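Working notes for the structure below.
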Amino acid sequence: MTDTATRDLELDVRGLPCVNRRAIIFGSFDRLADGESLVVINDHEPVGLRGHFEDIVPGRYRWEALPRTDEAFRVRITRAAFDPELAREGAAALAALARHSCDH
1 MTDTATRDLE LDVRGLPCVN RRAIIFGSFD RLADGESLVV INDHEPVGLR
51 GHFEDIVPGR YRWEALPRTD EAFRVRITRA AFDPELAREG AAALAALARH
101 SCDH
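Structure representation (structure tokens):
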């Protein structure tokens with residue numbers, strides 16, 4: 001069996017109107033097979049996007065923040081078969097983000 005590396009699909013949404021970004025991101029995510037990844041490049045930290053993933057596909061994705069630059073926030077979102085542990089991890093991470101965002 002040959003192990004073939006797949007490239008992540010990169011989606012730079014910085015130039016898109018905010019009202020269209022989530023629909024485009026979820027449309028791209030929906031076309032991924034289990035194990036495939038989408039790297040979203042955004043002009044702000046995508047905390048709200050993570051919340052939408054928890055609402056819409058809990059336990060069906062992995063979220064990995066990538067190194068950021070002054071111009072961009074990057075996150076790798078990998079499609080996964082449903083996993084209750086992923087659902088718990090996602091909910092816990094979202095709760096931690098919510099607590100952190102209230103600590104101004």
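Using full-length UniProt numbering, read the sequence shown as starting at 1 and increasing by one per residue.
The C-beta atom is built at its ideal place from N, Cα and C for all residues, glycine as well.
All figures in this text were calculated on a predicted structure; none of them were measured in a lab.
- Using a Cβ distance threshold of 8 Å, SER37 and ARG68 do not count as a contacting pair.
- Nearest C-alpha to ILE25 among HIS44, ASP34, LEU49, ASP8: LEU49.
- Spatial neighbours of ALA93 in its own chain (CB-CB distance under 8 Å, excluding positions within 5 residues in sequence) are listed in chain order as ARG50, TRP63.
- Only residues of its own chain outside the window of five on either side were considered, and among them ASP43 have a CB closer than 6 Å to the CB of ARG14, listed in chain order.
- Counting along the chain, ARG22 sits inside the alpha helix (DSSP H) bounded by residues 18–30.
- Here GLU36 carries a coil assignment [DSSP, helix/strand/coil].
- Close CB contacts of ALA87 within its chain, under the 7 Å cut and outside five residues either way in sequence, are with PRO58, GLY59 (chain order).
- In this model, GLY27 and ASP83 are separated by some 21 Å (Cα to Cα).
- The residues VAL39, ILE41, in chain order, have a CB closer than 7 Å to that of GLU10 in the same chain once the five nearest residues on each side in sequence are set aside.
- Judged by their CB atoms, LEU32 and ARG74 are not nearer to each other than the 8 Å cut-off.
- Annotation: the continuous alpha helix (DSSP H) that includes ASP55 extends over 47–56.
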